[in-house]
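Working notes, structure below.
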Amino acid sequence: MKRKWLIGILAVVGLAVLAQGGQKPQARFASLGGEGLKGSAVLVTLPGGEHWAFVQLEGLKPGSGSYANHIHFNDAGDASCKAQNGNKIVPLTNLVADADGKAVAYTLIPADKVAAYPKGTTYFNVHANSPQAVGPSIACGDVSAVGD
95 MKRKWLIGIL AVVGLAVLAQ GGQKPQARFA SLGGEGLKGS AVLVTLPGGE
145 HWAFVQLEGL KPGSGSYANH IHFNDAGDAS CKAQNGNKIV PLTNLVADAD
195 GKAVAYTLIP ADKVAAYPKG TTYFNVHANS PQAVGPSIAC GDVSAVGD
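Under the working numbering, the first residue of the sequence shown carries the number 95, and numbering increases by one thereafter.
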């Protein structure tokens, strides 16, 4: 799974650089954690304004179904996992736990859906699968900038 994850990220970043005439994409990273869960998320912002989000998580109950996940932010620009104060979201493709309790999801966010990445601090949040549309948070990671 790690190899597939890395190849996907490198392919998108590489193609973005080639397609945009050498302009550099911007990448942000979040280490995801929760009770018995670990994973990571990467958000790549391409020069044209579209975004690719990659999320992977392990430690889920094997075959347990679908998990909603989002990028959370707020108008104040101070959203964080600890405060769980990101009242606005960018929806991402649901994670689906496989037979080993691992899940990977890729989401293309078109430029017209998110004109610019939200200012200030943001976080990735994975929600429990539950009868409600979105369950409580089970894994979270604050986003940090890792590139220009």
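For glycine and all other residues, C-beta sits at the position ideal for the given N, C-alpha and C. Everything numeric in this text was worked out from a predicted model, so none of it was measured.
Paired residues, beta bridge with residue i - DSSP
i	result
I183	H166
T139	Q120 and H145
Beta-carbon spacing of residue i, residue j below 8 Å
i	j	result
Y200	F123	no
G143	A233	no
L151	A222	no
G235	Y217	yes
A191	S158	yes
Per-residue burial, residue i [other beta carbons within 10 Å of its own, 16 or more giving buried]
i	result
N181	exposed
A205	exposed
P212	buried
P156	exposed
P230	exposed
Residue i versus residue j: straight-line alpha-carbon distance, rounded
i	j	result
V208	A193	34 Å
Q226	P185	16 Å
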